[in-house]
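Engineer:
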Amino acid sequence: MWEYIDGLSSAEEKILIENLLQTQQEWGKKYNELLEVNSLLTSAELDAPSMRFTKNVMEEIAKQHIAPATKSYINKNIIWGIGIFFISLIVSALIYGFSQMDWSSGGSNTIADNLQKVDFSKIFNNTWVNAFFVVNIILGLFLLDAYLSNKKKKFRKEA
Amino acid sequence: MSAGFNDNEIISNVLKGNQAAYAELVEKYSSYVFSLCIKVVRSREDAEEIAQDVFVKAYKYLADFKGNSKFSTWLYTIANNTAISFLRKRKLNVASLDNEKVFETADMNAGHNQVIMAEQKSKANMVTKAINMLNPDDAAIINLFYKGEQTLEEIAMILGIETNTAKVRLHRARTRLKEKMETYFSHEVKDLN
Numbered sequence: 001m002w003e004y005i006d007g008l009s010s011a012e013e014k015i016l017i018e019n020l021l022q023t024q025q026e027w028g029k030k031y032n033e034l035l036e037v038n039s040l041l042t043s044a045e046l047d048a049p050s051m052r053f054t055k056n057v058m059e060e061i062a063k064q065h066i067a068p069a070t071k072s073y074i075n076k077n078i079i080w081g082i083g084i085f086f087i088s089l090i091v092s093a094l095i096y097g098f099s100q101m102d103w104s105s106g107g108s109n110t111i112a113d114n115l116q117k118v119d120f121s122k123i124f125n126n127t128w129v130n131a132f133f134v135v136n137i138i139l140g141l142f143l144l145d146a147y148l149s150n151k152k153k154k155f156r157k158e159a
Numbered sequence: 160m161s162a163g164f165n166d167n168e169i170i171s172n173v174l175k176g177n178q179a180a181y182a183e184l185v186e187k188y189s190s191y192v193f194s195l196c197i198k199v200v201r202s203r204e205d206a207e208e209i210a211q212d213v214f215v216k217a218y219k220y221l222a223d224f225k226g227n228s229k230f231s232t233w234l235y236t237i238a239n240n241t242a243i244s245f246l247r248k249r250k251l252n253v254a255s256l257d258n259e260k261v262f263e264t265a266d267m268n269a270g271h272n273q274v275i276m277a278e279q280k281s282k283a284n285m286v287t288k289a290i291n292m293l294n295p296d297d298a299a300i301i302n303l304f305y306k307g308e309q310t311l312e313e314i315a316m317i318l319g320i321e322t323n324t325a326k327v328r329l330h331r332a333r334t335r336l337k338e339k340m341e342t343y344f345s346h347e348v349k350d351l352n
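From first to last, the protein sequence lines are chains A and B. One point on numbering: in this note's numbering, the residue at position 107 of the first sequence is 107, and numbering is uninterrupted. Every position in the second sequence, counted from 1, becomes a number in this note's numbering once 159 is added.
(1) When Cβ atoms are compared, which residues of the segment 193-223 of chain B fall closer than 7 Å to chain A?
(2) Just mark B:E313 as buried or exposed, buried being the case when its beta carbon has 16 or more other beta carbons within 10 Å.
(3) Helix, strand or coil: how does DSSP classify B:N240 here?
(4) Determine the burial state of A:E13: buried for a count of at least 16 other Cβ atoms within 10 Å of its Cβ, exposed for fewer.
(5) If I measure Cβ to Cβ from B:V274 and keep anything under 7 Å in the same chain, skipping five residues before and after, which residues do I get?
(6) Contact between the segment 321-337 of chain B and the segment 290-302 of chain B: three or more CB pairs below 8 Å?
(7) Is there at least one Cβ from chain B nearer than 8 Å to A:V57's Cβ?
(8) So, at 8 Å on beta carbons, what are the nonlocal neighbours of B:R203 in its own chain, with the 5 sequence-adjacent residues on each side left out?
(9) So, is B:W233 buried or exposed, given that buried needs 16 or more other C-beta atoms within 10 angstroms?
(10) Tell me whether A:P14 sits in a helix, a strand or coil according to DSSP, three-state version.
(11) Any beta-carbon of chain A closer than 8 Å to the one on B:Y191?
(12) Distance check for B:T241 and B:E338, CA to CA, integer angstroms please.
(13) Suppose the cutoff is 7 Å on Cβ atoms and the five residues either side in sequence are ignored; what does the same chain contact list for B:Y188 look like?
(14) Can you confirm whether the segment 62-72 of chain A touches the segment 205-224 of chain B when touching is taken to mean that 3 or more C-beta pairs between the two stretches lie within less than 8 Å?
(15) Measure how close the beta-carbons of B:D166 and B:L195 come, nearest whole angstrom, since I'm counting them as under 8 Å.
(16) For B:I317, does the count of other Cβ atoms within 10 angstroms reach 16, so buried, or fall short, so exposed?
(17) Could you check the C-alpha separation between B:F344 and B:A289 for me, to the nearest Å?
(18) Under a three-way DSSP split, which group does A:N130 fall into?
(19) At what residue ranges does the segment 24-87 of chain A contain a whole run of the alpha helix (DSSP H), taking only runs of 4 or more?
(20) Between A:V48 and B:F193, which are expected to be in contact by the criterion C-beta below 8 Å, what is the C-beta distance as a whole number of angstroms?
(21) Drop a sphere of 10 angstroms on the beta-carbon of A:I87, count the other beta-carbons inside from all chains shown, and report buried for 16 or more, exposed for fewer.
(22) Quick test of your reading: B:N172 and B:A180, contact by CB under 8 Å. State the CB separation rounded to the nearest angstrom.
(23) Nearest-angstrom Cα distance between A:S121 and B:L174?
(24) Considering Cα atoms alone, identify which of A:M101, A:L46, A:L21, A:V129 is closest to A:Q116.
(25) Check each candidate in A:E26, A:N38, A:W27 and name the one with the smallest Cα separation from A:G7.
(26) Output, in chain order, the set of chain B residues within a Cβ distance shorter than 7 Å of A:I61.
(27) What residues from chain B crowd round A:I66, counting only those whose CB sits closer than 7 Å?
(28) Under 8 Å between beta-carbons, which chain A residues line up against B:V185? List them in chain order, please.
(29) Assuming A:L20 and A:W27 are in contact, meaning their beta carbons sit under 8 Å apart, how far apart are those beta carbons, in whole angstroms?
(30) How big is the Cα-Cα spacing for B:M340 and B:E208?
(31) Would A:P68 pass as a contact of B:A222 if the rule is Cβ separation under 8 Å?
(32) Hey, A:L89 and B:S190 are a contact pair by Cβ (cut 8 Å); roughly how many whole angstroms apart?
(33) Please report the straight-line C-alpha distance between A:N126 and A:V118, rounded to a whole angstrom.
(34) Name, please, each residue of chain A whose Cβ falls closer than 9 Å to the Cβ of B:I290.
(35) Within its chain, find whatever has a CB closer than 8 Å to the CB of A:L148; leave out the 5 residues flanking it on each side and keep chain order.
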């Protein structure tokens, strides 16, 4: 019945309730009770803050700056950049790994068999490969740091 | 209130650097936000402090308001979260929906004050007092629906619950309010009729 009073009931429910209100005295009594509560609620007063409230808020916000929208912090280019950086690292590692494999030896050609033939210790013990990875990671982190610092400065200037 | 300016126009002005325009939003929503806060924290001083914090936060993050919902819905969400965080920080117990014990004292006080209340014939005053006897969850949902002019979907968004849960909670809150009014204000209701 609350939904009927709030105007949220469906057309079918509305017809059903209207029929019940006309035919059943008990329903009519209940409806009047709820209607009274509803009208009292609508007439309820709001609590009001002190007279100085708006002034206090305005004094407080005078010391504040509007922060740039969150969306601006999460720049899609950064996400793409990081993604591409790591994917290229993985792909280069895979290419190097597969290039080290001896595809001609062995009778079986299943992927599992071929993978077993890869000498991973050879790949990761190679000083040049390790150095390549380390330099790439460090350079990547430096680039990311520089990019984020620039963005931060830009935001501060805008704010 | 500004003549003809809606919330989005005021927000756009504020974002363009017209800080003073924000006062219009504060004026417009201060009572709604304050009422919501007082229903949760039950103290005028704390509610005023929280309400002020709500408007400062809303100003600071105004650029994040994208207009996908009503400004009031966004503001009440901040108000509700800030009030609840305040209670958690103060380690006060937030009464659960079914915990009536916490408010037994309030009910008893209301009983003692019945004579005084009987003198206050104002309908509005009586309902406000009855709402204040409800637990914070019930009082907040009634406030949002009747005074905050929020739909059930918007209330669900503000409170972080499902629309159906909001509907059930509103129904329970109204039933409890009706019981309180029948218990403590039955004479006044009759007098007013």
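Ideal placement from N, C-alpha and C gives every residue a C-beta, glycine not left out. Here the structure is a predicted model, which means the values were calculated and not measured.
Structural biologist: In brief:
(1) Result list: F193, S194, I197, E207, A210, Q211, F214, V215, Y218, K219, Y220, L221, A222, D223.
(2) Classification for B:E313: buried.
(3) Residue state, collapsed to three classes: helix.
(4) Answer is exposed; the Cβ neighbour count stays below 16.
(5) Because the pLDDT of B:V274 is 44, which lies under 50, any placement of that residue in the model is unreliable, and the number read from its coordinates should be weighed accordingly. Hits under 7 Å: none found.
(6) They touch, by the three-pair rule.
(7) Under the 8 Å criterion on CB atoms, A:V57 is classed as interfacial with respect to chain B.
(8) Hits under 8 Å: I197.
(9) Counting Cβ neighbours within 10 Å, B:W233 comes out buried, since at least 16 surround it.
(10) According to the sequence provided, residue 14 of chain A is Lys. The question's Pro does not apply to it. It is helical.
(11) Interface residue (Cβ-Cβ distance to chain A less than 8 Å): B:Y191 is classified as such.
(12) A direct Cα-to-Cα measurement between B:E338 and B:T241 gives close to 30 Å.
(13) Closer than 7 Å at Cβ, skipping near neighbours: S231, L234.
(14) Cβ pair count under 8 Å is three or more, so yes.
(15) Beta-carbon to beta-carbon, B:D166 and B:L195 are separated by about 17 Å, too far to satisfy the 8 Å threshold.
(16) Counting the other CB atoms within 10 Å of its CB gives B:I317 a total of 16 or more, which places it among the buried residues.
(17) So the two alpha carbons sit approximately 8 Å from each other.
(18) DSSP, read as helix, strand or coil, puts A:N130 in helix.
(19) Within the segment 24-87 of chain A, the complete alpha helix (DSSP H) runs of at least 4 residues are 25-43, 53-61, 70-73.
(20) The residue you asked about is not Val; residue 48 of chain A is Ala in the sequence shown. Yes, they are in contact, since the Cβ atoms of A:A48 and B:F193 sit about 7 Å apart, within 8 Å.
(21) Label assigned to A:I87: exposed.
(22) 4 Å between Cβ atoms; contact.
(23) Using only the alpha carbons, I get a separation of about 59 Å.
(24) Looking at the Cα atoms, A:M101 is the closest of the given residues.
(25) If we check each option's Cα against that of A:G7, A:N38 comes out closest.
(26) By Cβ distance, chain B contributes Q178, Y181, V215, Y218.
(27) Near A:I66 (Cβ distances below 7 Å), the residues of chain B are L174, Y218, K219, L221, A222.
(28) Within 8 Å of the CB of B:V185, the CB atoms of chain A belong to F53, T54, V57, M58, in sequence order along the chain.
(29) Confirmed, about 5 Å.
(30) Distance between B:M340 and B:E208, taken at the CA atoms: about 30 Å.
(31) By the CB criterion at 8 Å, A:P68 and B:A222 fall inside the cutoff.
(32) Their Cβ separation, rounded to whole angstroms, is 58 Å, which puts A:L89 and B:S190 out of contact at 8 Å.
(33) Pairing A:N126 with A:V118, the inter-Cα distance amounts to about 14 Å.
(34) By Cβ distance, chain A contributes L41, A44.
(35) In the same chain as A:L148, and ignoring 5 residues on each side of it, the C-beta atoms closer than 8 Å to its own belong to I78, in chain order.
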